[in-house]
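Residue numbering for the sequence shown follows the working numbering, starting at 20 and increasing by one per position.
All residues carry an ideal CB built from backbone N, CA and C; glycine is no exception.
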Amino acid sequence: MTTLAQEPDEQYEESAGRPEGYATHDVTNQPPPLAPYDASDDTALLEGLRREGAGWAEDGLRRLGRRAGSAEAQEWGDLANRHEPVLRTHDRYGNRVDEVEHHPSWHHLLRVAVGEGLAGAPWADGRPGAHVARTAGGLVWGHTEAGHGCPTSMTYAAVPALRTTPELAEVYVPLLTGREYEPGLRTPTEKRGLLAGMGMTEKQGGSDVRTNSTTATPTAEPGVYTLRGHKWFTSAPMCDVFLVLAQVAPGRGQGGLSCFLVPRVLPDGTRNTFRIQRLKDKLGNRSNASSEPEFDGTVAWLVGPEGQGVKTIIEMVNCTRLDCVMSSATLMRKTLVEAGHHARHRSAFGARLADQ
Ligand SMILES: Cc1cc2nc3c(=O)[nH]c(=O)nc-3n(C[C@H](O)[C@H](O)[C@H](O)COP(=O)(O)OP(=O)(O)OC[C@H]3O[C@@H](n4cnc5c(N)ncnc54)[C@H](O)[C@@H]3O)c2cc1C
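Here you go:
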């Protein structure tokens, strides 16, 4: 015990030589850090992987699980949520740029996720069980952080919707199903890999997208329109392309709510109009930016037939909702792992919590 009579130096010396020691107390009965651990150490998951025809992916999944549980990847998850995305509407000269800056940890997480095939890759993988393998990968890599699963999920989900329009699918699907993560706004076809987002929701309607008021006006070029309006919740606005719903007035075609492909950068290298008004102040999912973009003369390509917007984009929505199930399961599993670790190392009333 340190007494009041001791000089400060003596107090210091008493605790010196014990790295965990402090002048007033020792750290005891606290768990060691969980990392490094193996996030794929999950019997039900591995059994499911084999049962559903993706046993071939087990070695890769184990590797990814160890990487997810590494101290480095766990820290990326922590940092990506501490250093939240920042909206830059203008550059220093006053030009509109509408970019969101992320902490490097966000890019590290996305690079691994895309590289490990957790975005669009299974659509280009002929092996049976490719989608099962991706989901299992998401279940273990999700131990790092949930927010970056939003753009990988939307990229995965955009593919079946885009395939309704073969001429667009031919250009974009190979880039959405690749394993290269290339951040930054550039002409999509000049990048090695793309991410996709979606803009459906508007203030006045929420899930009832039939109330969308964003308009799409046909241009002289068939299949090309310009959009005008505002979206209330467009996540991951630094994605390269978006599927967007907008109303076409009846005229040359059928008219009605339709689905469009909106690239952030046009084929000639100029920026498409995608004015980010603000980022949402969300309760969760804070590492990931969600935005309110404004479209005004925004160039868009029709996906699926005019008037069939919901039918077309629902393919994308369905896939993202399946990924919501995956992400929720990951969060529950991670919570259980954390709780089990704590209970194995913490004692109360004379025994470890796990034994109580
Ligand atoms: C983290 C996050 C990210 C998002 N990212 C995107 C994005 O990238 N792109 C995008 O377009 N949108 C995005 N959204 C918006 C999302 O699509 C909407 O929040 C969702 O469609 C619900 O709309 P709303 O919040 O306006 O609620 P509302 O539609 O107004 O619903 C309010 C309540 O009514 C209930 N309700 C709605 N319809 C019915 C019905 N038919 N029958 C019975 N009950 C009903 C709902 O369950 C809810 O409880 C995101 C939302 C969140 C939280």
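Of the listed residues the options, nearest to residue i (C-alpha basis)
i: M257; options: G242, E311, R247 and K301; result: E311
i: R198; options: T349, A348 and T174; result: T174
i: P207; options: L350, L128 and N291; result: N291
i: G274; options: Y244, D259, R205 and P282; result: Y244
i: H162; options: K222, G359 and Q93; result: Q93
i: R297; options: L285, D117, L98 and A138; result: D117
i: S346; options: R153, V46, S124 and R111; result: R153
i: T289; options: V263, A362 and V318; result: V318
i: K299; options: D78, Q223 and S254; result: S254
i: A99; options: Q49, N48, W125 and V263; result: W125
i: I333; options: W320, D227 and L285; result: D227
i: P269; options: P286, T236, K301 and F252; result: T236
i: G216; options: G88, L129, E186 and L262; result: L262
i: G79; options: E135, S366 and P286; result: E135
i: W160; options: Y112, K330, A140 and S59; result: S59
i: V178; options: P202, Y112 and T331; result: T331
Exposed unless 16 or more other CB atoms sit within 10 angstroms - verdict on residue i
i: L280; result: buried
i: G225; result: exposed
i: R371; result: exposed
i: Y41; result: exposed
i: V267; result: buried
i: R211; result: exposed
i: V105; result: exposed
i: D61; result: buried
i: M20; result: For M20, the predicted model reports a pLDDT of 39, less than 50, meaning its position is unreliable; a value from the coordinates is still stated below. Exposed.
i: N231; result: buried
i: C343; result: exposed
i: R250; result: The displayed chain sequence assigns Lys, not Arg, to residue 250. The residue is buried, with at least 16 neighbouring Cβ atoms inside 10 Å.
i: L83; result: buried
i: E240; result: exposed
i: R393; result: As displayed, the chain neither begins before 20 nor continues past 375, which places residue 393 out of reach and without an answer.
i: A358; result: exposed
i: H44; result: exposed
i: P147; result: exposed
i: A76; result: buried
i: T22; result: Only weak support exists for where T22 lies, its pLDDT of 41 falling under 50; the coordinates are left without a value.
i: R46; result: According to the sequence displayed, residue 46 carries Val and not Arg. So V46 counts as exposed.
i: T354; result: exposed
i: G88; result: buried
i: E209; result: exposed
i: T238; result: exposed
i: G96; result: buried
i: P282; result: buried
Pair within 8 Å by beta-carbon distance, residue i and residue j
i: A54; j: A90; result: yes
i: R352; j: L158; result: yes
i: W142; j: T196; result: yes
i: G218; j: C278; result: no
i: D57; j: R85; result: yes
i: M335; j: A180; result: yes
i: N307; j: H167; result: yes
i: V151; j: A73; result: yes
i: T339; j: A176; result: yes
i: V119; j: Y191; result: no
i: P123; j: H364; result: no
i: A149; j: T171; result: no
i: T234; j: A265; result: yes
i: V284; j: L204; result: yes
i: G242; j: L276; result: no
i: Y200; j: L302; result: no
i: R115; j: H109; result: yes
i: N48; j: S309; result: no
Beta-carbon separation (whole angstroms), residue i vs residue j, contact threshold 8 Å
i: F314; j: R271; result: So it is not a contact: roughly 21 Å between Cβ atoms.
i: L376; j: W320; result: The shown model of the chain, from 20 to 375, leaves out residue 376, and the question about it has no answer.
i: R305; j: E103; result: 5 Å
i: A362; j: A373; result: 4 Å
Residue i CB to nearest heavy atom of ligand 3 below 7 Å
i: N337; result: Only ligand 1 can be found as ligands here, which leaves ligand 3 out of the picture.
Those residues which DSSP pairs with residue i across a bridge
i: I333; result: Bridge partners of I333: none, in fact.
i: F368; result: F368 pairs with nothing; no bridge assigned.
i: H265; result: First, the amino acid is wrong: residue 265 is Ala here, not His. Looking at the DSSP assignment, A265 forms a beta bridge with S277.
i: T253; result: S310
i: M217; result: L262
i: V119; result: L106
i: R290; result: V284
i: R247; result: T234 and D315
i: L321; result: F279
i: L355; result: DSSP, once it has assigned bridges, lists no residue as partnering L355.
i: L298; result: S310
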